[in-house]
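Counted the way the numbering used here counts, the sequence shown spans residues 238 to 467. Since the structure comes first, as structure tokens, the remarks are kept for the end.
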Amino acid sequence: MSDQLTLAAETRDRVGKGASRALRRDGRVPAVIYGLNKEPDSVHLEEKALMKALMTGHFMNSVVMVNGVRTLPKDVSFHPVTDRPIHVDFLRIGEHSTVTVAVPIVFTDEDDAPGIKRGNGVLNITRHEIELVVDASDIPSEITISLAGKEIGDSIHISDVALPKGATPAIDDRDFAIATIVPPTVPTVEDEQLEAEVAEAQAAEAAEPTPVEPNDDNNDDDKITTQKND
238 MSDQLTLAAE TRDRVGKGAS RALRRDGRVP AVIYGLNKEP DSVHLEEKAL
288 MKALMTGHFM NSVVMVNGVR TLPKDVSFHP VTDRPIHVDF LRIGEHSTVT
338 VAVPIVFTDE DDAPGIKRGN GVLNITRHEI ELVVDASDIP SEITISLAGK
388 EIGDSIHISD VALPKGATPA IDDRDFAIAT IVPPTVPTVE DEQLEAEVAE
438 AQAAEAAEPT PVEPNDDNND DDKITTQKND
């Protein structure tokens, strides 16, 4: 089961872009808590504490207690340049609320997969997470899928996965694929020709003499003097 996290927060007296920028300058991150038919609460968190929670790797599928309020993170916005968190949305939930969360997938036993070990096959992953509908008190931290016995051409579908008790896929109208063991990529004649052309062009470019640029110190050594033969 995913660990429960705890974050301290303070109420935001003012909202708006100017107030949010001021909070961020002070090392705080604006956030909002909504849900359960209650008015949204505008709060702010310590950025360092939030970053520590984000670094656990399972922040988005963990129950987070924010000032004693049971929540589930729904969205974290990051600065496009610095990647620092700039806003968080939390959803209020009850202790046994039914929630939809994206749970990461972990593949194991690659050495026991003949298609990978002996056939040099490649694991082609089409889904790195599975959205599950679960009880808020039983959110799994990850879903483990064994590759033991898998051959080239074998596919893994959601029906092949042993889900935790009480958990069901959020997508329930089809048996969707999660991963496939595919054959190793074999270079084609076209690929080899393209590589040869690129190598030839690079060799020709390297063989060209580098022009000598005159310096800009206004000295006479930049000038080229032609000597006459006697």
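Don't be surprised by glycine CBs; every beta carbon is placed ideally from N, CA and C.
Residue i - containing beta strand (DSSP E), residue span
i    : result
I392 : It should be pointed out that residue 392 corresponds to Ser in this sequence rather than to Ile. S392 to H394 is the span of the beta strand (DSSP E), which, as asked, contains S392.
G352 : Looking at the DSSP string, G352 is not in any beta strand (DSSP E); the run it does join, the alpha helix (DSSP H), is P351 to K354.
L244 : L242 to L244
S383 : I380 to S383
Spatial neighbours of residue i in its chain, beta-carbon cut-off 7 angstroms, leaving aside the 5 residues before and after
i    : result
V306 : I270 and R329
H394 : D412, F413, A414 and I415
T381 : V343 and T345
K354 : D348
A385 : D346, D349 and A350
R262 : none
V252 : S279
P310 : F296, M297, V301, V325 and F327
H365 : P341 and I342
S334 : A373
Nonlocal neighbours in the same chain, by C-beta distance under 8 angstroms from residue i, ignoring five residues either side
i    : result
E368 : T337, V338, A339, V340, P406, A407 and I408
I389 : G352, G356, G358, I418, V419 and P420
L242 : A290, T293, F296, S299, V300, V301 and M302
K285 : G264
G403 : V371, D372 and D375
L287 : L244, V266, P322 and V325
V398 : I367, I380, I382 and I415
R249 : A256, L260, P267, S279, V280 and H281
Neighbourhood of residue i by C-beta distance below 6 angstroms, restricted to the same chain and skipping five residues each side
i    : result
N298 : S239, V338, V340 and I376
D391 : I418
P267 : S257, L260, H281 and H324
N304 : A246
V313 : P322 and V325
Strand pairing of residue i, partner residues [DSSP]
i    : result
P406 : L369
T417 : N361 and S392
In chain order, each alpha helix (DSSP H) run of at least 4 residues that lies wholly inside the region 278-344: 284-291
As an exercise, report each continuous alpha helix (DSSP H) stretch of at least 4 residues that is fully enclosed by the region 247-279, in chain order. Complete alpha helix (DSSP H) runs here, min 4: 254-262.
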